[in-house]
Amino acid sequence: MTAWRTPATLLTRLITTLTEQSVSRTPGNLVSVRLMAALAVTVVATGVGAFLAFGSETPIEQPASFSHRIHAGQVGLDCQFCHTSARRSTVAGLPPLTTCRGCHLEVKPDSDLVAPIHAAWDQQEPIEWMQVHDLPEYVRFDHSAHVNRDVDCSTCHGDVKSMETAQREVTHSMGFCVQCHADNDAPLDCTACHY
Amino acid sequence: MDRRDFIKKLTAGSAGAAAASCAPVDGDKLIPYLVPPTDIVPGIPTWYATACRECPAGCGVLARVREGRVVKLEGNPEHPESRGALCPRGQAGLQGLYDPDRVTGPLARIDGELQPVDWDTAMIRLAELVGDGPIGWIGHHVTGTLDGLVDELIEGQPGSRRVRFETLGYGATMTAWDRLVGRAVVPSVDLSETDLIVTFGADFLETWLGTVSMTRDFAASRRVQQGSRSRFVQVSPRRGLTGDNADQWLSIEPGHEATVATALAAEVIAAKGDDLDDALREVARTWVSGVDAQAAATAAGVDHEQLRTLAGELVAASNPLVLGGGHALAPAAAADLETAAGLLDLLLGATGRSIHPARPSPLSNLSSHADLLETLDLAQRGEIGVLLLHHANPVHALPSDAGARAALEAVPVVSFATMLDDSTMTADLVLPDHSPLEAWGDHEISGGRVVLQQPAMRPLHDTRATGDVLLALLRGNSNETMQQAVRRSWNALHAASGVGGSANTFWQASQRAGGHFAEPMTPDGDETLAATELPTLLPPQTSLAQTADTLQGPADGLALLVFPTIQMHDGRGANRGWLQESPDPVTKVTWDSWLELHPDTAASLGLSDGDGVVVEGEHGSFETVAVLRAGIHPGSVAVPMGNGHGALGELAAGRGVNPIESLPLVLDDASGMLARTSTRVHLRRTEPRPQTRTQLETHDHEREIARFVTLPATAVAMAHHENEGFYPEHEHPEHRWGMSIDLNSCVGCGACEVACSAENNLSVAGPAAVANGREMSWIRIDRFESEHGTAFVPILCQHCDNAPCETVCPVNATYHTDEGLNAMVYNRCVGTRYCSNNCPYKVRRFNWKAAEWREPLDLQLNPDVTPRSVGVMEKCSFCVQRIREGERDARLADRNLVDGDITTACAQTCPAEAIQFGDMNDASSVVATAQRDERAYTLFEELNTRPAVSYLARTQLPASAAAEEEA
Numbered sequence: 000m001t002a003w004r005t006p007a008t009l010l011t012r013l014i015t016t017l018t019e020q021s022v023s024r025t026p027g028n029l030v031s032v033r034l035m036a037a038l039a040v041t042v043v044a045t046g047v048g049a050f051l052a053f054g055s056e057t058p059i060e061q062p063a064s065f066s067h068r069i070h071a072g073q074v075g076l077d078c079q080f081c082h083t084s085a086r087r088s089t090v091a092g093l094p095p096l097t098t099c100r101g102c103h104l105e106v107k108p109d110s111d112l113v114a115p116i117h118a119a120w121d122q123q124e125p126i127e128w129m130q131v132h133d134l135p136e137y138v139r140f141d142h143s144a145h146v147n148r149d150v151d152c153s154t155c156h157g158d159v160k161s162m163e164t165a166q167r168e169v170t171h172s173m174g175f176c177v178q179c180h181a182d183n184d185a186p187l188d189c190t191a192c193h194y
Numbered sequence: 000m001d002r003r004d005f006i007k008k009l010t011a012g013s014a015g016a017a018a019a020s021c022a023p024v025d026g027d028k029l030i031p032y033l034v035p036p037t038d039i040v041p042g043i044p045t046w047y048a049t050a051c052r053e054c055p056a057g058c059g060v061l062a063r064v065r066e067g068r069v070v071k072l073e074g075n076p077e078h079p080e081s082r083g084a085l086c087p088r089g090q091a092g093l094q095g096l097y098d099p100d101r102v103t104g105p106l107a108r109i110d111g112e113l114q115p116v117d118w119d120t121a122m123i124r125l126a127e128l129v130g131d132g133p134i135g136w137i138g139h140h141v142t143g144t145l146d147g148l149v150d151e152l153i154e155g156q157p158g159s160r161r162v163r164f165e166t167l168g169y170g171a172t173m174t175a176w177d178r179l180v181g182r183a184v185v186p187s188v189d190l191s192e193t194d195l196i197v198t199f200g201a202d203f204l205e206t207w208l209g210t211v212s213m214t215r216d217f218a219a220s221r222r223v224q225q226g227s228r229s230r231f232v233q234v235s236p237r238r239g240l241t242g243d244n245a246d247q248w249l250s251i252e253p254g255h256e257a258t259v260a261t262a263l264a265a266e267v268i269a270a271k272g273d274d275l276d277d278a279l280r281e282v283a284r285t286w287v288s289g290v291d292a293q294a295a296a297t298a299a300g301v302d303h304e305q306l307r308t309l310a311g312e313l314v315a316a317s318n319p320l321v322l323g324g325g326h327a328l329a330p331a332a333a334a335d336l337e338t339a340a341g342l343l344d345l346l347l348g349a350t351g352r353s354i355h356p357a358r359p360s361p362l363s364n365l366s367s368h369a370d371l372l373e374t375l376d377l378a379q380r381g382e383i384g385v386l387l388l389h390h391a392n393p394v395h396a397l398p399s400d401a402g403a404r405a406a407l408e409a410v411p412v413v414s415f416a417t418m419l420d421d422s423t424m425t426a427d428l429v430l431p432d433h434s435p436l437e438a439w440g441d442h443e444i445s446g447g448r449v450v451l452q453q454p455a456m457r458p459l460h461d462t463r464a465t466g467d468v469l470l471a472l473l474r475g476n477s478n479e480t481m482q483q484a485v486r487r488s489w490n491a492l493h494a495a496s497g498v499g500g501s502a503n504t505f506w507q508a509s510q511r512a513g514g515h516f517a518e519p520m521t522p523d524g525d526e527t528l529a530a531t532e533l534p535t536l537l538p539p540q541t542s543l544a545q546t547a548d549t550l551q552g553p554a555d556g557l558a559l560l561v562f563p564t565i566q567m568h569d570g571r572g573a574n575r576g577w578l579q580e581s582p583d584p585v586t587k588v589t590w591d592s593w594l595e596l597h598p599d600t601a602a603s604l605g606l607s608d609g610d611g612v613v614v615e616g617e618h619g620s621f622e623t624v625a626v627l628r629a630g631i632h633p634g635s636v637a638v639p640m641g642n643g644h645g646a647l648g649e650l651a652a653g654r655g656v657n658p659i660e661s662l663p664l665v666l667d668d669a670s671g672m673l674a675r676t677s678t679r680v681h682l683r684r685t686e687p688r689p690q691t692r693t694q695l696e697t698h699d700h701e702r703e704i705a706r707f708v709t710l711p712a713t714a715v716a717m718a719h720h721e722n723e724g725f726y727p728e729h730e731h732p733e734h735r736w737g738m739s740i741d742l743n744s745c746v747g748c749g750a751c752e753v754a755c756s757a758e759n760n761l762s763v764a765g766p767a768a769v770a771n772g773r774e775m776s777w778i779r780i781d782r783f784e785s786e787h788g789t790a791f792v793p794i795l796c797q798h799c800d801n802a803p804c805e806t807v808c809p810v811n812a813t814y815h816t817d818e819g820l821n822a823m824v825y826n827r828c829v830g831t832r833y834c835s836n837n838c839p840y841k842v843r844r845f846n847w848k849a850a851e852w853r854e855p856l857d858l859q860l861n862p863d864v865t866p867r868s869v870g871v872m873e874k875c876s877f878c879v880q881r882i883r884e885g886e887r888d889a890r891l892a893d894r895n896l897v898d899g900d901i902t903t904a905c906a907q908t909c910p911a912e913a914i915q916f917g918d919m920n921d922a923s924s925v926v927a928t929a930q931r932d933e934r935a936y937t938l939f940e941e942l943n944t945r946p947a948v949s950y951l952a953r954t955q956l957p958a959s960a961a962a963e964e965e966a
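Just so you know, the sequences run in chain order A and B.
Per numbering that gives the first Met the number 0, residue 0 is the first one in the first sequence, and the count goes up by one each step.
Per numbering that gives the first Met the number 0, residue 0 is the first one in the second sequence, and the count goes up by one each step.
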């Protein structure tokens with residue numbers, strides 16, 4: 000149990016990766032997986048380019064420019080400087096606007112690239128980032144279990160330090176997860192991730 | 000990606016075009032905080048201690064909050080009465096918060112219709128309606144700050160009336176103790192040390208006083224110590240859930256409760272002889288003088304010898320306790336029954352030991368039905384300008400003859416409500432209240448202790464706490480909020496408590512603990528009662544002189560008993576799917592009302608189980624379904640209250656019947672309470688109806704599902720089968736999770752079922768599916784009757800080591816884990832249902848249809864559990880998400896798991912502490928110890944399934960010498 004405090008200050012306007020992931024209003028993803036499997040077979044059989052459907056991705060564009068290359072690579076900020084809950088929670092967490100602002104009131108405050116931060120603060124409207132990685136609803140992934148075992152972030156997220164805008168470099172398929180678990184003597188039980 | 004998106008992509012692919020719009024995650028956005036709250040880590044639950052307000056008891060709850068939403072309620076272990084447990088209603092409090100039919104903003108009657116208005120308009124309207132003349136406040140049980148505000152409002156407008164109304168009131172009890180000791184109170188009761196409990200119908204395991212604390216104490220008294228445990232005898236026309244847990248049931252003719260209790264008192268006086276204090280004996284003799292014990296027993300259909308034996312047992316017991324009729328059945332002579340029961344407690348020395356009139360329950364301030372009727376009458380005559388309803392539903396709580404609806408329609412009504420119930424529908428102004436989980440408050444429990452109610456989340460809708468509305472009305476623009484008002488009360492409590500430190504420290508400590516639970520320094524000592532406050536006013540009771548029939552209606556009719564159930568209580572939660580679908584513990588009916596009648600009576604009327612039946616009384620008739628059971632006096636029929644709403648919401652409206660409507664308006668003269676056993680009715684058979692019952696048979700066909708042992712021996716006679724398994728044994732290198740369920744403790748309340756629904760995102764199947772046997776519960780409580788008594792057997796997945804389901808799954812979707820779980824991987828399941836066919840325990844549930852959560856019920860879903868979709872199998876997972884969470888907490892704290900770190904939702908909420916969960920590999924764990932107990936057995940051992948769930952046999956007391964003689 001964590002701190003019991005008054006929630007009067009609680010901002011319900013939160014919305015983190017996990018919330019988005021877990022509060023789907025239609026629990027329809029399971030069936031869709033099975034249906035998709037069935038349909039995929041049909042697709043291959045008819046020789047239509049299923050690869051086109053799954054394999055090609057346009058790069059993700061974000062509503063504001065944020066360079067992982069500069070922050071994580073050039074400046075050398077630790078991933079957890081911004082993604083603060085990775086070591087203690089299932090989700091890594093997205094930095095609140097105050098984190099961005101905390102630095103950029105001092106660092107390059109007048110840069111055009113930083114302007115969206117000030118604008119968001121002035122309007123008190125958070126920047127809505129596009130999600131890069133997502134997992135199906137029936138998969139539980141615990142960041143803390145991995146981060147505290149010295150699994151490097153890049154293992155699953157790719158070389159973010161070199162990316163201008165973060166992209167999906169590693170495909171989070173079940174094979175990817177299971178292979179790593181097998182190689183590292185990690186649990187291979189289904190209920191490690193599925194429940 | 001969902002199905003629709005897939006098909007879109009498929010189309011694009013077929014056309015040979017690149018799927019240009021195909022971002023990896025379709026449109027999902029990540030929206031960060033502007034300023035991070037200091038006490039929230041995304042993905043980690045935060046717990047807030049607050050109060051349960053689902054009944055007047057005021058149990059303590061911990062609300063589990065994830066990302067700003069309450070997703071689960073659990074009992075607060077620091078609360079001195081509920082001690083970490085919750086009842087089914089408490090568990091379902093969450094659905095009150097997320098009820099899709101809640102009032103979402105203020106409504107005012109414009110052109111005859113309730114229409115949305117803004118709060119400014121509503122407040123102006125309120126001020127106009129309240130004016131400065133006499134007003135009437137009809138509100139449910141409140142204490143503390145809000146109570147003070149209502150008083151302030153009432154006192155500020157001379158001539159105003161205040162009715163503190165609960166449908167299930169305690170007026171008769173208060174009258175009785177006023178007669179006996181000069182204090183009109185509801186005494187607090189402690190069953191934990193008793194060794195013989197006799198009740199005349201008080202349903203203390205269902206709705207009477209605090210269900211949770213009573214169940215906890217009762218279970219404590221039932222635990223086997225030195226080869227024995229407490230004994231419980233119920234004397235009543237019907238045995239409900241509470242009576243099912245009795246060792247002996249004396250079935251009596253309805254309407255004779257008071258005379259039988261008085262006859263028992265006479266026998267106790269005779270048996271006590273010279274042991275009694277002279278003054279007390281004189282007073283008691285005056286009381287019983289009007290009753291001839293023999294005649295009273297005969298008239299009630301009880302063997303006089305049995306009463307005499309019972310009196311002997313009471314006198315011989317070291318810590319006996321007698322409880323009255325409660326409010327389960329309210330005969331016209333309710334106050335007399337309560338007086339006789341209280342007198343027995345005085346005679347037996349239980350007063351000050353197990354029942355404490357000097358330590359009254361806060362329920363002692365409740366008004367009577369007579370007060371309510373008088374206020375309605377004053378309003379109708381124009382002597383009161385406006386009626387203010389505060390979570391009170393007099394239309395549903397009173398017989399039609401009382402004319403509550405007409406009264407409310409005739410006068411201006413303001414309703415502070417969360418739901419549009421039958422009374423609120425008549426209102427001219429509806430001011431939606433916060434859910435208790437969104438509001439500030441303080442709630443007094445017995446002994447002057449106070450529970451602090453604090454919001455666990457931001458309000459979902461455009462609602463305002465009634466306290467805030469009253470503050471605005473009373474103080475104008477001073478802008479004090481309810482939060483500040485509660486804080487002010489708390490500072491006063493701090494000053495009076497004698498606790499050192501600053502008021503701020505005291506406040507914060509109380510917020511963490513969920514209240515201030517230290518007893519006030521000097522309560523009025525119980526000791527003072529016996530010597531100085533002996534009854535002086537005791538009049539001989541005239542109505543007891545004759546045991547003549549006091550019931551109205553045709554002489555050849557059957558007495559109609561109207562009783563509350565643990566799920567439905569007074570009916571305020573009837574729009575909650577979890578409560579509707581949770582089976583009645585006794586009849587296993589869901590989603591409906593029913594009529595209980597004795598098989599002999601049914602035979603004489605040509606009625607069968609499941610027949611439709613019209614109940615025809617002189618004051619109204621209604622149709623429901625017949626349920627045959629032996630636990631009711633053949634001269635009576637019983638119908639539960641709580642359903643039969645005209646409004647309230649989509650699930651409740653028009654469901655079942657409200658038998659109170661068809662009762663005559665008969666008040667008990669002495670207490671002013673509505674008599675709910677007051678009329679006789681005729682029955683007429685109609686067509687059979689589909690049965691929404693989850694269990695139709697109560698016999699286990701010698702399969703030894705419910706086992707008994709007779710004390711003092713405790714060993715279960717087990718026929719051990721040394722079967723060779725076909726498959727190799729599983730190894731459990733680290734943990735093997737297991738469960739032990741003590742049938743001697745389980746009272747059958749069903750809290751575990753609702754807790755499981757909340758924890759595991761179980762869908763509510765609905766009445767049609769239940770009638771088809773397609774309910775989705777992961778844990779059910781089977782009820783078995785035998786010559787040994789009734790036993791409640793919670794049945795869930797047994798997590799067999801040699802599981803029949805696992806070997807037949809063609810896709811390996813269900814398999815055995817290294818930790819001993821019988822796992823179910825939803826995304827692998829293809830829905831063959833072989834597993835369910837092969838499960839001897841019938842605990843697997845198939846998703847025949849897609850689960851639906853009407854918004855905002857979806858906000859309640861536990862983010863740690865996958866909602867299942869149509870076509871997959873599901874079942875108890877031993878709360879694997881809680882196991883994983885416990886493992887993570889231990890890992891982050893860099894320590895090993897210890898016994899008690901992890902428990903399942905069912906075990907957590909069990910008020911009787913009947914369910915224990917833990918690691919069977921740890922020989923010292925509670926569960927491993929219990930599984931080695933002499934009473935331990937497993938279900939269907941002959942099948943060699945080797946379950947991880949074991950049961951402890953229910954105990955039976957040896958037949959008393961007298962009973963043996965009879966035999």
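Beta carbons: idealized from backbone N, C-alpha and C, even for Gly.
{"Check": "Proximity of N821/B and T831/B at Cβ, strictly below 8 Å", "Outcome": "no"}
{"Check": "Distance between beta carbons of A50/B and Q379/B, contact taken as under 8 Å", "Outcome": "Incorrect: roughly 35 Å between the Cβ atoms, too far for contact."}
{"Check": "Test item: CB-CB of A339/B and T261/B under 8 Å", "Outcome": "yes"}
{"Check": "Extent of the continuous beta strand (DSSP E) to which W120/A belongs", "Outcome": "Unbroken run through W120/A is the alpha helix (DSSP H), 114-122; no beta strand (DSSP E)."}
{"Check": "E163/A (DSSP reduced to helix, strand or coil)", "Outcome": "coil"}
{"Check": "A669/B and V69/B closer than 8 Å at C-beta", "Outcome": "no"}
{"Check": "Beta carbon of P563/B nearer than 8 Å to that of V90/A", "Outcome": "no"}
{"Check": "Proximal residues to R953/B (C-beta, below 6 Å), its chain only, five neighbours per side dropped", "Outcome": "F707, L742, N743, A790"}
{"Check": "Buried or exposed by the 16-neighbour rule on C-beta atoms within 10 Å, applied to Q90/B", "Outcome": "buried"}
{"Check": "Coarse secondary structure for R654/B, derived from DSSP in three states", "Outcome": "coil"}
{"Check": "Three-pair Cβ contact test at 8 Å for the segment 396-404 of chain B versus the segment 624-632 of chain B", "Outcome": "no"}
{"Check": "Closer than 8 Å at the beta carbon, the chain B residues around M162/A", "Outcome": "Within chain B, no residue comes near M162/A; the closest Cβ sits about 14 Å away, beyond 8 Å."}
{"Check": "CB contact flag (T968/B, A750/B, <8 Å)", "Outcome": "With chain B covering 0 to 966 only, the question about residue 968/B has no answer from this structure."}
{"Check": "Chain B within 8 Å of V90/A, Cβ atoms only", "Outcome": "yes"}
{"Check": "Closest Cα partner of V871/B within the set I882/B, D893/B, C828/B", "Outcome": "C828/B"}
{"Check": "Under 9 Å by beta carbon: chain A residues contacting L96/B", "Outcome": "Here the premise fails: no neighbours, minimum Cβ distance about 13 Å."}
{"Check": "Of the listed residues G147/B, R161/B, A558/B, nearest to G138/B (C-alpha basis)", "Outcome": "R161/B"}
{"Check": "Pick from K874/B, E382/B, V223/B that is closest to C796/B, judged by C-alpha positions", "Outcome": "K874/B"}
{"Check": "Cβ contact (3+ pairs, closer than 8 Å) linking the segment 305-318 of chain B and the segment 126-140 of chain B", "Outcome": "no"}
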